[in-house]
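With UniProt numbering applied, the sequence shown has no gaps in its numbers, which climb one by one up to 119 at the end.
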Amino acid sequence: MAVTTSTSQPVDAPTAPPDAHAHAGPTHGYTPAKDEYLRRLRRVEGQVRGIARMVDQDVYCIDVLTQIAAVTKALQAVGIGLVEDHLSHCVVDAARQSPEAGAEKVREASAAIARLVRS
């Protein structure tokens, strides 16, 4: 699924690098695309530092708000990707194990989506 950025351009969900499964530790829905998520989050981190500099330099408030909206959209895009990954991996795997486990993962995902929508 493509998400939209503040510039109304579609942004594809992160894709997994070829060797994404060559690591130790638990595998989550986002694990194959972990490097892409980290890259996007580092970009958001840089945008937030830029906003702090803007405030420090007394930049016009509307310009600061515009940048805050861009950061918010970027974080929403990461969140949407994580939800998609969770549904397609964690929820599907749990549903294969048992209907009860699947239902629990659906409740968990619904609560997480509700938190995203309220934020």
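For every residue, glycine included, the Cβ atom is placed at its ideal position computed from N, Cα and C.
The structure displayed is predicted, hence computed values, not measured ones.
Measure the Cβ-Cβ separation of residue i and residue j and say whether it is below 9 Å.
i, j, result
"Y30", "G102", "no"
"V64", "V44", "no"
"A112", "V83", "yes"
Just curious, the alpha helix (DSSP H) that residue i is in, first and last residue?
i, result
"C61", "61-86"
"Y37", "34-56"
"V106", "99-118"
Just how far apart, CA to CA, sit residue i and residue j?
i, j, result
"S110", "A52", "33 Å"
"V93", "Q47", "Checking the displayed sequence, the identity of residue 93 turns out to be Asp instead of Val. Their Cα atoms are separated by approximately 36 Å."
"T7", "G79", "Annotation note: pLDDT 42 at T7 (below 50); position unreliable, no value reported."
"T5", "S98", "The pLDDT assigned to T5 is 43, lower than 50, so where the model puts this residue is not dependable; a value taken from the coordinates is nonetheless given after this. T5 and S98: Cα-Cα distance of roughly 37 Å."
"R118", "V106", "18 Å"
"L41", "Q76", "11 Å"
"I62", "R49", "17 Å"
"E100", "V91", "11 Å"
"A74", "H89", "23 Å"
"M54", "A69", "14 Å"
According to DSSP, is residue i helix, strand or coil?
i, result
"H89", "helix"
"T31", "helix"
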